[in-house]
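Those letters in the sequence shown? Residues 202 to 599, by the working numbering. Every residue gets a Cβ at the ideal spot worked out from N, C-alpha and C, and that includes glycine. Just so it is clear, the structure is predicted and the values come from calculations on it, not from any experiment.
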Amino acid sequence: MSVTAAAGFRAAGISAGLKESGSRDLALVVNDGPLDVAVGVFTSNRVVAAPVRWCREVLSGRRGDADRARAVILNSGSANACTGPGGEADTAATAARVAELLGDAHPGLQAGSVLVCSTGVIGVPLDMPTLLDGAATAVASLQDSAEAGHAAATAIMTTDTVPKEDTLRLDGWSIGGMIKGVGMLAPGLATMLCVITTDAVIDADAAQSALSRAAARTVNRINSDGCMSTNDTVLLLASGASGTTPTTEDFGAAVQELLGRLGRRLVADAEGATHDIAITVTGAVTEAAAEAAARTVSASNLLKCAIAGEDPNWGRVISQLGTVPESVCPFDPEAVDVTINGVTVFRHGALGEDRDTVDMTPRETRIDIALSAGDAAATVWTNDLTHGYVTINADYTT
């Protein structure tokens with residue numbers, strides 16, 4: 202189960218006809234309450250899709266009550282990005298239609314209580330008649346079953362090969378979520394749409410704090426291909442239906458655990474990837490410094506290609522590490538160790554153990570960089586760069 206695991210939520214995932222393939226392409230998640238808390242984090246790209254603007258306005262109170270929403274509708278097949286005023290109008294019309302359709306269950310529901318997300322090709326206008334007809338079908342299909350949650354997770358896929366969902370059941374309350382994205386995975390979230398639901402009794406401030414912190418340490422530490430999307434959206438909805446109020450610490454830990462698991466599924470399904478790579482920097486002066494160093498190493502296409510060829514080329518690691526400005530991450534190159542899958546191939550500025558002893562066959566590759574400059578650490582996930590990635594993206598819009 203995913204978005205329907207928590208009490209108070211229903212979901213649907215249908216084929217509205219937005220995709221030529223006929224695959225599921227429209228998802229709907231509804232919070233039946235009693236609470237209608239909603240918070241989010243979004244792409245840091247300066248070019249953003251109309252649905253991102255809409256969600257920001259809803260959650261800021263410009264479209265209704267701040268930090269409140271009853272439903273989120275998500276389409277795949279078109280990003281509704283760079284579509285001008287028409288795209289803005291289409292997003293508003295989508296929210297209005299969903300609010301109207303949910304009126305029997307939630308009388309008086311307004312468009313400003315409906316969040317909208319889109320994913321797909323940039324610059325392609327939505328097929329609004331098809332989408333609005335599909336919204337009616339989705340509302341009629343709403344259920345609180347595991348099957349409905351799975352259908353919703355499937356409907357938001359683009360080049361994903363599998364749906365991505367997870368659930369945590371805690372002491373008297375639950376949290377679940379679905380996520381999509383396998384390309385344009387770069388810092389600033391990833392090319393993701395993610396909906397997290399919980400039946401915990403939690404206020405908006407605590408929910409936003411937990412989500413922002415969790416995103417910073419999980420999905421914001423993924424760098425697949427160095428490209429940032431226009432549509433990245435992570436939403437957290439709370440129904441309060443369990444009647445249980447977790448501590449701030451317990452709630453934050455659960456959100457981080459769930460979002461970490463979901464983010465790991467993104468890496469495992471990255472376009473064309475054959476290796477998932479965890480780059481962990483330890484011994485940094487601050488966590489921010491460790492993250493900056495790990496991000497810099499994760500951006501090396503030379504390293505990613507080496508891993509694709511199962512070559513433990515530590516030279517690609519250490520040379521990339523040396524490009525981090527000293528003001529950002531101070532360290533002494535002569536004190537650095539690099540360990541790949543448990544073998545320390547570079548030790549204190551010189552050759553370490555024989556690189557030929559490194560086993561590069563497992564799907565998961567671990568690159569550990571010890572700076573010996575402090576006590577802080579951070580991990581960034583990336584993946585190798587293969588011919589498959591080039592093929593998928595060369596053919597993406599055709």
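Taking C-beta separations shorter than 6 Å and ignoring five residues to either side along the sequence, the partners of Arg466 in its chain run Lys365, following chain order.
Residue state for Ser319 is assigned as strand, using DSSP reduced to three classes. Runs of alpha helix (DSSP H) with 4 or more residues, each lying fully within the region 328–373, are found at 329–341, 347–356, listed in chain order. DSSP places Phe210 inside the beta strand (DSSP E), whose first and last residues are 210–215.
A distance below 8 Å between beta-carbons, with the five flanking residues on each side excluded, links Asp404 to the following residues of its chain, in chain order: Val238. By the CB criterion at 8 Å, Val204 and Gly464 fall outside the cutoff. For Ser279, the uninterrupted beta strand (DSSP E) run begins and ends at 272–279, by DSSP.
Contact between the region 488–505 and the region 447–456 is absent: fewer than 3 CB-CB pairs across the two stretches fall below 8 Å. With a cutoff of 8 Å on beta-carbon distance, Val325 and Ser279 are scored as near each other. For Lys220, there is no enclosing beta strand (DSSP E), as DSSP marks it with neither H nor E.
Pairing Thr580 with Ile480 gives a Cβ-Cβ distance under 8 Å. For the 8 Å CB-CB criterion, Ala270 and Leu459 do not form a contact. Between Thr331 and Thr359, the C-beta spacing is not below 8 Å. Counting the other CB atoms within 10 Å of its CB gives Leu227 a total of 16 or more, which places it among the buried residues. Taking a cut-off of 8 Å for Cβ pairs, the region 550–567 and the region 512–519 touch, as three or more such pairs fall below it.
Rounded to the nearest angstrom, the gap between the Cα atoms of Arg548 and Leu522 is 14 Å.
Rounded to whole angstroms, Cys283 and Pro252 show a C-alpha spacing of 11 Å. Ranking Trp255, Thr475, Gly382, Cys395 by CA distance to the CA of Ala312 puts Trp255 first. Secondary structure at Ala207: coil, using DSSP grouped into helix, strand and coil. Around the beta carbon of Gly510, fewer than 16 other beta carbons lie within 10 angstroms, which makes this residue exposed.
Trp582 is not a Cβ neighbour of Ile357, given a cutoff of 8 Å.
In this structure, Ala577 lies near Thr487, with their beta-carbon atoms less than 8 Å apart. Note that the region 565–575 does not touch the region 392–412; fewer than 3 beta-carbon pairs, one per stretch, sit closer than 8 Å. Sequence-distant partners of Ala294 (beyond 5 residues in either direction) whose C-beta falls short of 8 Å from its own C-beta, in its chain, are Met329, Leu333. Secondary structure note for Ile376: its beta strand (DSSP E) is the uninterrupted segment 375–381.
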